[in-house]
Every structure is written in structure tokens, then in C-alpha cells.
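Peer 1: Going by UniProt numbering, the sequence shown opens with residue 405, and the numbers climb by one from there. Each residue gets a CB set at the ideal place from its N, CA and C atoms; glycine is no exception. This one's a predicted model, so the numbers in the text were calculated from it and none came from an experiment.
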Amino acid sequence: RAAKSAGTGQWLRYEPSMSDQTHQAELRTSLGRAIAEQALFLEYQPIVALGTGRTVGFEALLRWRHPGRGRLLPGEFIEIAEESRLILPIGEWVLEAAMRAAQRWRAAAQERAPYVSVNVSAHQFRSEGFADSVARLLDLTGLPAHRLVLEITESSLLRDDDKVWHALERLRGGGVRIAIDDFGTGYSALGYLRQVPLDIVKLDRLFVRGLTTSRRQRDLVEGIVTLTRALSLDIVAEGIETEHQRRTADAAGCTYGQGYLFAAPLPEDQTLRWLDGEQPAPPA
Ligand code: C2E
Ligand code: MG
Ligand code: MG
Ligand code: MG
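(1) At which residue ranges does the segment 610–643 contain complete beta strand (DSSP E) runs of 3 or more residues, listed in the order of the chain?
(2) Tell me which residues pass a beta-carbon proximity test against ligand 3: closer than 6 angstroms to any heavy atom, given in chain order.
(3) Within the continuous beta strand (DSSP E) that includes Pro450, where are the two ends?
(4) Hey, out of Glu647, Ala655, Val605 and Glu645, whose CA is closest to Arg622's CA?
(5) Shorter than 7 angstroms, the distance from the beta carbon of Gly663 to the closest heavy atom of ligand 1, or not?
(6) How many Å lie between Val520 and Gln428 at the Cα?
(7) Whose C-beta lies closer than 6 angstroms to the C-beta of Thr545 among residues of the same chain, with five residues either side of it excluded?
(8) As a quick exercise: from Glu441, Leu631 and Ser559, pick the residue whose alpha carbon is nearest that of Cys658.
(9) With Arg489 as the anchor, note down where its alpha helix (DSSP H) starts and where it stops.
(10) Within the same chain, show all residues whose beta-carbon is closer than 7 angstroms to that of residue 717, passing over the 5 residues directly before and after it, in chain order.
(11) Mind the definition here: the segment 477–484 touches the segment 663–675 only if three or more C-beta pairs lie below 8 angstroms; say whether that holds.
(12) Would you identify the three-state DSSP class for Arg473, choosing helix, strand or coil?
(13) Note down the Cα distance separating Ser531 from Ala583, rounded to an integer number of angstroms.
(14) Is Arg581 buried or exposed, if buried means 16 or more other CB atoms sit within 10 Å of its CB?
(15) Out of Gly661, Asp603 and Asp536, which one is the CA nearest neighbour of Glu647?
(16) Does chain C have any CB closer than 8 angstroms to the CB of His470?
(17) Are the beta-carbon atoms of Asp644 and Phe666 separated by less than 8 angstroms?
(18) Run the CB neighbour count on Glu573, radius 10 Å, all protein chains shown included, and call it buried at 16 or more, exposed below.
(19) Provide the residue(s) that pair with Asp424 in DSSP beta bridges, ordered along the chain.
(20) Taking the CB atoms as reference points, tell me whether Glu555 and Asp585 lie closer together than 8 angstroms.
(21) Hey, Ile491 and Val640: beta-carbon distance below 8 angstroms or not?
(22) Hey, how far is the Cα of Asp566 from the Cα of Val524?
(23) Can you have a look at Pro518 and say buried or exposed, based on whether 16 or more other CB atoms are within 10 angstroms of its CB?
(24) Less than 8 angstroms between the beta carbons of Ala549 and Leu542, yes or no?
(25) What residue from Glu441, Arg651, Arg633 and Gln425 has the CA that sits closest to Leu615's CA?
(26) Going by the CB atoms, is the gap between Arg551 and Ser488 shorter than 8 angstroms?
(27) Determine, using beta carbons only, whether Leu624 and Arg598 come nearer to each other than 8 angstroms.
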């Protein structure tokens with residue numbers, strides 16, 4: 405659109421959303437170069453056993469060192485990555501980087517080594533040959549399949565897509581575990597858990613917050629826990645920020661938890677130190 409500026413007779417551009425569009429376009433362009441420029445990196449957030457405090461896994465979380473804007477979180481660019489299909493090469497990069505990190509934990513911590521949990525978007529699960537490419541990366545990195553968890557959000561499962569379903573079954577057949585992420589934020593009936601090929605339920609942090617504030621939420625979580633037990637699924641409570649939330653989640657039957665109370669997402673070089681610090685002190 406254009407507006408005639410008063411008095412001068414000149415046409416000026418008048419586009420309120422322009423800077424926004426430019427911003428998006430710029431992000432898309434630089435995101436396309438981010439892998440080659442080594443501007444993507446991962447942080448790792450501990451997943452701990454609520455009973456003992458032991459770290460059983462790390463969730464890999466993507467960050468982008470943007471040339472002009474500094475460090476960006478996934479909320480600022482994942483959607484753009486999905487719309488532009490850049491999520492496919494980026495997702496592959498994430499998988500390989502996360503598997504290599506998990507191999508380093510194995511070398512350092514051996515049988516106590518944590519698994520790595522990787523967020524995978526529905527586009528990836530639906531893309532041709534996704535299960536094969538995961539198998540190829542496991543082969544390439546040497547990571548045993550049971551040390552890898554793939555997280556899929558409830559909303560991408562709800563699309564009830566044959567391709568997604570098929571990929572999940574093939575991956576699980578190969579020993580990879582599948583987690584449903586942000587569980588409880590969608591609108592699926594609990595009974596849905598019976599049908600999906602799954603291993604782990606990650607209870608969304610809104611639920612965790614509700615645990616300490618609402619009797620109804622606590623009953624609901626206890627119901628979910630009972631069902632996940634019956635189905636032999638593990639449960640991870642997300643976003644635990646307070647000791648009160650930790651205790652309540654533990655009491656409600658959640659076995660594992662994740663959140664700022666334990667640790668924020670850590671740069672990779674701090675993960676080994678984190679694991680070290682956890683080793684029981686040698687007997688005096
Ligand atoms: P998510 O998978 O549910 O990841 C957990 C998010 O909660 C992370 O945000 C983490 O930093 C944050 N968090 C952890 N503990 C706490 C806590 O105690 N309190 C609060 N308020 N927040 C906490 P982050 O890193 O910004 O990631 C946001 C989302 O971006 C992730 O949600 C995931 O859906 C997506 N994402 C991250 N990495 C990737 C990736 O490699 N691929 C894809 N497709 N999506 C990714
Ligand atoms: Mg996740
Ligand atoms: Mg989550
Ligand atoms: Mg979440």
C-alpha cells in the first residue's frame with residue numbers, strides 16, 4: 405500500500421506490517437545458512453529420578469546464535485523452520501549432534517550414562533525415510549538405540565497420521581523410545597494413551613503447576629499416573645521449579661522430573677561436570 409504524503413505530492417510507502425515481514429524473511433534466510441555457519445547449538449537439561457535425584461537423561465534443546473540478534477530460543481524460530489521445511493535438515497543436524505553428545509556421556513559415565521531425549525517435529529516424523537535416517541545416524545554414531553528417546557508433541561500425534569504412526573512403530577521396533585511431550589495441553593482423551601505406540605509421557609508444566617494449587621488437577625494427575633503404570637509407561641513431570649512441586653509430583657506417583665529446580669538447560673561442556681558432581685562421594 406502507499407499513502408500520499410501531505411503537501412509534497414510524493415508517494416511514500418506505507419506498510420505497517422513491513423518490518424515484521426522483513427524480519428520474518430530475514431530470519432528464514434539466515435536460518436537457511438545457520439547449519440553451514442555452525443550457528444546452531446544444543447543445550448541439555450537434566451531429567452532426574454524424583455526419588456533419588458539421579459540424572460537419568462538429558463533433553464537436547466536447540467539454540468541459535470543469530471549473527472545480529474544474539475542467542476535465540478526455539479520459540480523464536482522453530483515455526484519458521486517448520487513453515488520453510490528447513491526443519492528437516494535442522495532436525496537431522498540436531499539428531500546427530502545429540503547422539504554424539506550421548507556417546508561422550510557414555511565414554512565418561514559408562515553404565516550410569518544418561519539417555520538423550522530429542523524433540524522431533526511432526527514434519528520430520530511424516531517425512532519419507534525418517535525412521536531409516538534415525539537408524540543410519542545410530543549406526544554412524546554408535547549410540548545404542550535404547551539410549552535415544554524421541555519426543556513428539558501431543559498435538560502432532562493427534563493429527564492421527566498413518567505416516568507418523570508407521571514411523572513410530574518402526575522406530576520402537578528398533579529399540580528407540582518414544583515420549584509424548586507436553587502431555588495434557590492438547591485435548592486428547594486419556595484413553596488415547598492406550599493406542600499410541602509410546603514409552604514415556606511428559607506431563608506438561610501447566611499440569612505440574614496445577615498439582616500444588618488444585619485438588620482437581622492432582623486427582624487428574626493421579627489418574628494419569630495410574631493409567632501410565634497399567635500401560636508400563638514412564639512419566640516425566642516437566643517444569644518443576646519448586647521443592648513443593650517436586651514433593652507433590654513425587655507423591656502423586658511421577659517417577660521422573662525436569663525443571664529449573666534441578667537445573668536449567670546446560671551448555672554441553674557443563675554436562676560432564678554435572679554428571680561428575682553427582683557421583684556419590686568416595687567413602688572417607
Ligand atoms: P519442550 O520440549 O517442552 O521443552 C521444555 C522447555 O521448557 C524448554 O524451553 C526449557 O528450557 C523450558 N523449561 C525447562 N524447565 C523449565 C521450568 O522449570 N520452568 C519453565 N518455565 N520452563 C522450563 P525451550 O528450550 O525454549 O524450548 C521450547 C520448545 O521448543 C520445546 O519445548 C520444544 O517443543 C521446542 N524445541 C526445542 N528444541 C527443539 C528441536 O531441536 N527440534 C524441535 N522440533 N523442537 C524443539
Ligand atoms: Mg521436549
Ligand atoms: Mg515438553
Ligand atoms: Mg513443554
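Peer 2: Checking against the coordinates, here is how it stands:
(1) At a cut-off of 3 residues, the continuous stretches assigned as beta strand (DSSP E) that sit fully inside the segment 610–643 are 638–641.
(2) Those satisfying the condition are, in chain order, Asp585, Asp586, Lys606 and Glu642.
(3) Here the beta strand (DSSP E) through Pro450 covers Leu444 to Ala453.
(4) It is Ala655 whose Cα lies nearest to the Cα of Arg622.
(5) Yes; taking the cut-off as 7 angstroms, the Cβ of Gly663 has a heavy atom of ligand 1 nearer than that.
(6) Val520 and Gln428: Cα-Cα distance of roughly 31 angstroms.
(7) Cβ within range, chain order: Met503, Arg504 and Gln507.
(8) Of Glu441, Leu631 and Ser559, the smallest CA-CA separation from Cys658 is found for Leu631.
(9) Counting along the chain, Arg489 falls outside any alpha helix (DSSP H), and DSSP gives it neither H nor E.
(10) The structure shown does not extend to residue 717, since the chain is modelled only from 405 to 688, so the question has no answer here.
(11) Output reads no: the segment 663–675 does not touch the segment 477–484.
(12) Coil at Arg473, not helix or strand.
(13) Their backbone Cα atoms lie some 19 angstroms apart in a straight line.
(14) Buried is the call here.
(15) Looking at the Cα atoms, Gly661 is the closest of the given residues.
(16) Looking for chain C here will not work: only one protein chain is present.
(17) One point to set straight first is that residue 644 is Ile, not Asp, in the sequence displayed. Yes, the pair counts as a contact, with Cβ atoms nearer than the cut-off.
(18) Exposed, since its Cβ has fewer than 16 Cβ neighbours within 10 Å.
(19) In the DSSP assignment, Asp424 is bridged to no other residue.
(20) Less than 8 angstroms divides the Cβ of Glu555 from the Cβ of Asp585.
(21) Contact: no.
(22) Near 17 angstroms, if we compare the C-alpha coordinates of Val524 and Asp566.
(23) Looking at its Cβ environment, which holds 16 or more other Cβ atoms inside 10 Å, Pro518 is buried.
(24) Contact annotation: Ala549 and Leu542 have beta-carbon atoms nearer than 8 angstroms.
(25) Just measuring C-alpha positions, the residue of Glu441, Arg651, Arg633 and Gln425 sitting nearest Leu615 is Arg651.
(26) Not closer than 8 angstroms, so no.
(27) No, the pair does not count as a contact, with Cβ atoms beyond the cut-off.
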